[in-house]
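Comments concern the structure below.
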Amino acid sequence: MEVVACIDQSSPAATMDMNVVRAAVATQGYSARFEKFDGSGVGDDPYSEKNFHKLTSSRCQLVLGFPVDVQAPLLPTGVKGSAPYGQTGFALVTRDHAPPELSQLAEGTEVAVAYETAPNLFFEHHTNIQSDVHPDNDDALDALAKGKVKAAMLWAPIVVQYTQRHAKGHKLFFALLNEPHARWDLVALYDDSGVAAAEVFDKGVGELRASGRLAALLAPYAVVGDRPTASAVKPANVVSRNEYNRGGLIKVSNTKKKSGAKAPAIYSAEQASAGQQVFMSNCSMCHGADLGGITGPALKGQKFASAKDDFAVSDIFGILSTQMPAGRPGTLKPEEYAAVMAFILQQNGYPAGPNALTYAQAQTSKVPLISSSK
Amino acid sequence: MRNKAGSIEFKRSRVELLKKAALVLLAFAPVAVTAAQAPYEPVTDARLLAAQKDPGWLMYRRDYTSSGYAPFDQINTGNVAQLKPAFDYETGLKQGHESPAVVNGHFLYVTTPLDHLIAMDATSGKVLWKYDHDLSKAALKTVCCDVVNRGVALYQNNVYMATLDNHVVALDGATGKVKWSKALMAPDVGYAMTLAPLIVKGKVVVGVSGGEYGARGFVEALDAKTGKMLWQTHTIPAPNEPGGDTWPKGAYKTGGGAAWLTGTYDAENDTLMWGVGNPGPWLATLRPGENLYTDSVIAMNPSNGKIKWHFQYTPHDTWDYDGTNETVMTDLTYQGKPYKAIVSASRNGWFYAIDRTNGKLIYMEQFTHATSVAGQKDGKVYTDDDMRPTPDKEVFTCPSFLGGKNWWPISINPNTQMAYVPTMHTCMKMKGAAVSYKAGLPFLGESFTVMQDPTQKNWGSVQAIDLNTGKQVWTHESDLPWNDGTLSTGGGLMFSGSADGYFMAFDAKSGNVLWKSDQLSSGIIGVPSTYTVDGTQYVAVYAGWGGATPIWGGDMANDPKVKSIPTGGHLYVFKLAK
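Chains as they are written, first to last, in my numbering: chain A, 6 to 379; chain B, 48 to 625.
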């Protein structure tokens, strides 16, 4: 059996994408076939997003390599995205030594960036560095390689490609940035006809991740990413003004919380079964009847909410009540949202109590959400 | 007038009869009565300087002040109701028709979309010659807003046009023979040209379109005789030039600042004024700084293109407001003080009066609902930071990027001391981080939706503004957007056309509609002009809906009333019924 994947041959990470697909579907007993397309756009115009739907409806089951902003996960219309199989983004690039943090660069350092890319935004909150805008990536990398600038902030796969092409030139070092809109999840795009292939791919990626092989397949273009379902879980407006001012680091807190600690009973059993019904008719098509995740992320287990994720009930409920169901967010009744939350809590090992969870309580609840189910 | 073709035919055949009679007369007396026989009178510098009083219409906005005002009063408030079609001409093209009829003696010139130029007899519409610019090698994919052309310039024996593939072409006015054709840039590299050139002291001055394609705008002067480049002034300063520090380093190369509309020449001060377009990229947070000279008017020395002063209408623009809208020279009195001014109705929804001797602001007043630009302090414009979109914030602000007024030129009338301003009532939702994709790399832009101004019930209006106060005197509301320039005359009239195809004459003082044409074959966006030949005054306008509104108009473009506007180019010329 075969999975057919479209690969953007103009993407510097095309080889990586093919390797990931081949290895992932092989774990499920499938072979991979590749259809190449040119996603470089025409002249100054970008590659039309409408084309992705055309690809999935005619040439392949999966389109590989589409980057999704971790903070603003937008997909082209007409297609869905798999769970992220890797994370890449904009990197700080320097010559001859490992790059420091942005804040460690000397006062007045000129940093090369490419026209219309996210790193142009980073200067506003890093006043120690100055922007040196270049019309394209190669121009910026040439400036760095020739020593006209000491640093650059560019798309990591392009930096890899450049260093491969110019192997004899100056060595360039890079590290992914943790600035707003710097991190991008890599997903496979598919439409209804590719649901089965996407499931095979997702499962395969899961196995590669579990066995530790994924990181090697992605390197040096991308990393596994510390939160495999990040794009689906983090809401678009997650970056608060404070986080910007703090220097733009948007890290998930490392505070350890032990799972299995006494979980409070904040919903009722009746409410959870009402929530199950709402879930089945509104959510299960994406998240799976068993909450294991299909096209949407899993909503139970360690993948969903580990101690490391540091979620409170209100975090998840915020996404649930303002962004779900996808495509028609906010259309359920308040009590239905609360009931779905109750069902999710139940499925993640939280005990039922005498009182139902209210919409208002769910909005503000600081109760940690750490799954104790598998 | 869709149903009146018969009567036009009848008039035409009567003209033919007259011509035949004239030919018979010619055997006895050599009197030129049609363009076919008339010698071509050279358009000298002296005639251009006195273009206001010329019987013809010698340049885009009639004279160097860009007034759009002709002193003719044969057609006036008392008799305009008798205005009837004299002749018409169908171009056969479906795109936007924006060119004015430019007239020298018996010769009338119009351009069409896709750079065709037609010379015809100004009294009969008889085609004398045609020039079809070869665009077969141009992909035209860096033309944002319809494949339009805004007409010709005249000088000595030549006619000049600028083209979508970045050529300036000089042709013999009488015969249409190409004298020279000069490419300023390769086609499709981010630039195009759509404007009517301006002739100043033996130079053909043009500016480029292309604010949406990462280009760096410029104004260029060519020798009118040979096409040789004499100077080129970039609208975005390099880091080592004055204003260069208003950009991140290197950003000037892709800073936009297209100069896509015709400028104004102040002969007294020997100063050339030119509007500069929006900065690139659209999302301002990508390019911290004031971003000079985008969204500004720059004043240049026409001998070398050196910038004398500038005034910025919208600092650090993120709304695509441009600063290209024409500047009109006028003397005015504000709060008791006389000024030599220029006025401009900006895309950003504010009407500006600026001292043309030094670039200092005299006043600015809103002429439509305007929330992005908030006001001025010590003569410097400031914006409302809450109305700036970011990758994480959507805003709702007014006007939309299509502007309170787009390129459709205003006119002024020195007798009423008013400016006549086509106006559009739109706002927009705008957000950063619209992502486009290229070879695996995401790019940041802005997403937008044009919507109706919630404070207005119509899409547009045409209004009169008191030059001495900047305040509205009258307004004529339109349920459709009003996308046509205005023409003012010594007959106390203001002419402009509606989007549903009615060419109208307004009482310049009161705004009362004194005459309305039959419905023309398409919506009107052509620049109206007027001229006199052999003692008869004519008024000319193109019907031919198109331009930016139907392409980028969002909710407005999708309004069934707007969607159903028929297309097709058609020049109509009117005169009084005998």
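Ideal placement from N, C-alpha and C gives every residue a C-beta, glycine not left out.
C-beta contact flag for residue i and residue j at 8 Å
i, j, result
"Leu308 (chain B)", "Gly322 (chain B)", "yes"
"Ala268 (chain B)", "Lys250 (chain B)", "yes"
"Ala344 (chain A)", "Ala367 (chain A)", "no"
"Asn372 (chain B)", "Ser393 (chain B)", "yes"
"Val420 (chain B)", "Thr430 (chain B)", "yes"
"Thr341 (chain B)", "Gly304 (chain B)", "yes"
"Val574 (chain B)", "Pro147 (chain B)", "yes"
"Arg334 (chain B)", "Asn125 (chain A)", "yes"
"Val215 (chain B)", "Leu231 (chain B)", "yes"
"Gln76 (chain A)", "His186 (chain A)", "yes"
"Lys355 (chain B)", "Thr318 (chain B)", "yes"
"Val68 (chain A)", "Ala227 (chain A)", "no"
"Ile572 (chain B)", "Gly591 (chain B)", "yes"
Assumed close pair residue i, residue j - CB separation to whole angstroms, cut-off 8 Å
i, j, result
"Leu362 (chain A)", "Gln276 (chain A)", "6 Å"
"Trp329 (chain B)", "Gly492 (chain B)", "6 Å"
"Gly396 (chain B)", "Gly451 (chain B)", "4 Å"
"Gln135 (chain A)", "Thr122 (chain A)", "Actually they are not in contact, since the Cβ atoms of Gln135 (chain A) and Thr122 (chain A) sit about 16 Å apart, beyond 8 Å."
"Asp402 (chain B)", "Tyr386 (chain B)", "6 Å"
"Phe398 (chain B)", "Phe448 (chain B)", "With 8 Å as the limit, Phe398 (chain B) and Phe448 (chain B) do not qualify as a contact, their Cβ atoms being about 18 Å apart."
"Thr473 (chain B)", "Met498 (chain B)", "7 Å"
"Gly539 (chain B)", "Asp526 (chain B)", "Not quite, the Cβ-Cβ distance comes to about 27 Å (not below 8 Å), so this is no contact."
"Pro89 (chain A)", "Asp190 (chain A)", "4 Å"
"Gly487 (chain B)", "Ser16 (chain A)", "3 Å"
"Ala119 (chain A)", "Ala150 (chain A)", "No, Ala119 (chain A) and Ala150 (chain A) are not in contact; Cβ-Cβ is about 15 Å, not under 8 Å."
Cβ of residue i within 8 Å of any chain A Cβ
i, result
"Gly297 (chain B)", "yes"
"Phe490 (chain B)", "yes"
"Tyr484 (chain B)", "yes"
"Thr536 (chain B)", "no"
"Leu333 (chain B)", "yes"
"Pro438 (chain B)", "yes"
"Lys184 (chain B)", "no"
"Thr170 (chain B)", "no"
Environment of residue i [buried if 16+ CB atoms lie within 10 Å]
i, result
"Asp179 (chain B)", "exposed"
"Asp168 (chain B)", "buried"
"Thr502 (chain B)", "exposed"
"Ile598 (chain B)", "exposed"
"Glu184 (chain A)", "buried"
"Ala201 (chain A)", "exposed"
"Thr20 (chain A)", "exposed"
"Lys625 (chain B)", "exposed"
"Lys184 (chain B)", "exposed"
"Leu337 (chain A)", "buried"
"Asn559 (chain B)", "exposed"
"Gly110 (chain B)", "Rather than Gly, the amino acid found at residue 110 (chain B) in this sequence is Asp. It is buried - the Cβ of Asp110 (chain B) has at least 16 other Cβ atoms within 10 Å."
"Leu325 (chain A)", "buried"
"Gly237 (chain B)", "buried"
CB contact check: residue i to chain B, cutoff 8 Å
i, result
"Leu362 (chain A)", "no"
"Ala18 (chain A)", "yes"
"Gln135 (chain A)", "yes"
"Val164 (chain A)", "no"
"Tyr52 (chain A)", "yes"
"Lys256 (chain A)", "Note that Lys256 (chain A) has pLDDT 29, beneath the 50 cutoff, so the model's placement of it is unreliable and the number below is only indicative. Not one chain B Cβ lies under 8 Å of Lys256 (chain A)."
Strand pairing of residue i, partner residues [DSSP]
i, result
"Ser543 (chain B)", "B:Met551"
"Pro469 (chain B)", "B:Val509"
"Met158 (chain A)", "A:Leu97"
"Met603 (chain B)", "Answer is none; Met603 (chain B) lacks a bridge partner."
"Thr332 (chain B)", "Note: Thr332 (chain B) sits in no beta bridge, so no partner."
"His130 (chain A)", "According to DSSP, His130 (chain A) bridges with nothing at all."
"Asn460 (chain B)", "B:Met465"
"Cys11 (chain A)", "A:Glu40, A:Val68"
"Asn205 (chain B)", "B:Tyr202, B:Asp219"
"Ser576 (chain B)", "B:Ala587"
"Glu115 (chain A)", "A:Gln135"
"Cys474 (chain B)", "B:Met498"
The ligand SAM heavy atom lying under 7 Å from the CB of residue i
i, result
"Gln351 (chain A)", "Among the components of this structure there are no ligands whatsoever, and the ligand SAM is therefore not found."
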